[in-house]
Every structure is written in structure tokens, then in C-alpha cells.
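Undergrad: Chains as they are written, first to last, in the numbering used here: chain A, 5 to 140; chain B, 6 to 130. The structure that follows is given in the form of C-alpha cells.
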């Protein structure tokens, strides 16, 4: 690209590219930090529900006992939020790599972001509204 | 992108990357399913019925697969962080990959025995 072409770039293209670069740098950093936190959250969660307890014992009353302590509600909510953000951002990388058609890519991203937001709301409602005072 | 900027040349780094992607994708798919099944908590009967399915041998095998994916993705993620934040460490990249892969296999076998045992002995710990 010649200097002339560069200076003739449409107005606004430089700030755009710059904000995109800033976003990608932030995204790169977020993946490392959230990954580090998820390393502990996800492995502790899996160990508690599959290794130290058998999965068949993780019934409603098991959750009720655990969620009686707000610490575990916060723990599980963090796992939900960071897991979805880290996972959806990872899926975004995959779509950028393999879906080359811009319209298809935009459509797929719209669907996956909507799904992530919907599941985040569903998960948050579950964690906040669960009372656990059922018999059995 | 210039050719010099390509780090992967079809060796361990390439396989580590491919496996990181596949395991990340599969773990995410499980998370999506898991958020939906946990949302049944306010309908205890349905929740308990769904969770009873997790004790089925096929689901237990699936959980061992999930353990493999989770442990590999977690350990390889640390390897990626190591390379990114300590660029000098890239010369050990290969042995670190073999290390974390062996550890993944070991933890999957140990965890796999614990996860599958109740199905064969019929007892739940």
C-alpha cells in the first residue's frame, strides 16, 4: 500500500482499526486472566460433583445444602459468567477462522451472542431464585 | 501476515493448538447443556430425573471425556500463558507439551476409574 493510498483511506478508518486493535488486545488479555481463574473454578467444580461426590448424589438437596452458603452461589455464578464469556469469545475466534463469508459470519455471531446472553440470564435467575426448601 | 510471523510449523505446537480448540469447543457445548439442566432446580422432580441419567454408564463415559477435555484445556492454557508472558520459555515448549499431555492422561485415568467404578460395583461413595 502506497503512502498516497494510505492517506486517501476513507475518513474514520483509522480510529476504527485502532479501536478494533484495542478490543483484540483486551480480548487476548481477558482470555489469559479468565483462563487462570477458570483453571481453579472449573477443576474444583468438576472434582466436587464427579470425583469427591458421585454424580448420582448431586440431587436438589445436595445443591440446597451447598447453596445455603452464599460463597458457593458466588462461586457458581462466577463460573457461569466467566465460563460463558471465555467460551463465547473462544467460539468467536473459531468463527473468524472458518466462516469466511462476512454475512454468514455476522449471522452466526448474532445467534451465538444471543444464545450466550439468554443462557447467562437463565443461569443467573437459577442461582438467585433457588430457595431449596422442597421436601426430599 | 508474513511467513515469519507463523509460529506453528506442524509440530507439537500445532497439535497442542488443534486439541486446545477441539476441547474448548466441546467443553463449551457441555456448559450450554449444563446451564439448561441446572435451570430445572426449581422443578425438583424434573431436575432429579435428569440427574439420575448422569449415573448411566454412557453418561459416565461422556463425563470421563469431559474430564479429559477440561484437564487438557486447563493445563495447555497454562502452557499458552507461559509462552505468552515468558517468551524465553518457548524453547521448552515441546517438553512442556509432553509433560502436560502425560499429566492429562494420568488424571483422566485416575478420575475415570473413580467416575466409572460405581457403575460396576453398584455402590455410590
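A virtual CB, placed ideally from N, CA and C, is assigned to each residue, including glycine. Nothing here was measured: the structure is a model prediction, and the numbers come from that model.
1. May I ask you to report which of helix, strand or coil DSSP gives residue 103/B?
2. I want to verify the contact list: residues of chain A whose CB lies under 9 angstroms from the CB of residue 30/B, in sequence order.
3. Taking Cβ-Cβ distances shorter than 8 angstroms, what residues in chain B pair up with residue 2/A?
4. Mind checking the region 57-78 of chain B against chain A and listing, in chain order, the residues whose C-beta falls within less than 7 angstroms of any C-beta there?
5. In whole angstroms, what separates the C-alpha of residue 78/A from that of residue 69/A?
6. The alpha helix (DSSP H) that contains residue 66/A, what's its start and end?
7. Flag residue 104/A as yes if its beta-carbon sits less than 8 angstroms from any beta-carbon of chain B, otherwise no.
8. For residue 92/A, count neighbouring C-beta atoms within 10 Å of its own C-beta (all shown protein chains included) and say buried if the count is 16 or more, exposed if not.
9. Apply the 10 Å Cβ neighbour rule to residue 81/B and answer buried if 16 or more other Cβ atoms are within range, or exposed otherwise.
10. In its own chain, which residues sit with a C-beta less than 6 angstroms from the C-beta of residue 74/B, not counting the 5 before and 5 after it?
11. On a Cα-Cα basis, can you pick out the residue from 25/A, 40/A, 46/A, 105/A that is closest to residue 35/B?
12. Would you report the Cα separation of residue 96/A and residue 113/A, rounded to the nearest angstrom?
13. Out of 41/B, 86/B, 39/B, which one is the CA nearest neighbour of residue 32/A?
14. How about residue 133/A: is its C-beta nearer than 8 angstroms to some C-beta of chain B?
15. Suppose you measure from the CA of residue 58/A to the CA of residue 67/A; what does that come to, to the nearest Å?
16. Quick one: give me the first and last residue of the alpha helix (DSSP H) that residue 45/B is part of.
17. Should residue 62/A be labelled buried (16 or more other beta-carbon atoms within 10 Å of its own) or exposed?
18. For residue 120/B, which residues of its own chain have a beta-carbon under 6 angstroms away from its beta-carbon, when the five flanking residues on both sides are left out?
TA: On the basis of the supplied data:
1. When DSSP states are grouped into helix, strand and coil, residue 103/B belongs to the helix group.
2. Neighbours of residue 30/B on chain A, chain order: 91, 94, 95, 98.
3. An answer regarding residue 2/A cannot be provided, because it is not within the stretch 5 to 140 covered by chain A.
4. Taking 7 angstroms as the upper bound on Cβ-Cβ separation, chain A lies near residues 57, 59, 60, 68, 72, 75 of the region 57-78 of chain B.
5. Answer to the nearest angstrom: the Cα atoms are 15 angstroms apart.
6. Element bounds for residue 66/A: 64-71.
7. Residue 104/A does not count as touching chain B.
8. Counting Cβ neighbours within 10 Å, residue 92/A comes out buried, since at least 16 surround it.
9. By the Cβ neighbour-count rule, residue 81/B is buried, with 16 or more other Cβ atoms within 10 Å of its own.
10. Excluding residues within five positions, the ones whose Cβ falls inside 6 angstroms are 28, 31, 32.
11. Residue nearest to residue 35/B within the set 25/A, 40/A, 46/A, 105/A is 46/A (criterion: CA-CA distance).
12. Straight through space, the alpha carbons of residue 113/A and residue 96/A are spaced by roughly 7 angstroms.
13. Ranked by Cα distance from residue 32/A, the first of 41/B, 86/B, 39/B is 86/B.
14. Output row for residue 133/A: interface = yes.
15. Roughly 13 angstroms separates the two Cα atoms.
16. Bounds of any alpha helix (DSSP H) do not take in residue 45/B, whose DSSP letter is neither H nor E.
17. Answer is buried; the Cβ neighbour count reaches 16.
18. So the qualifying residues of the chain are 65, 68, 69.
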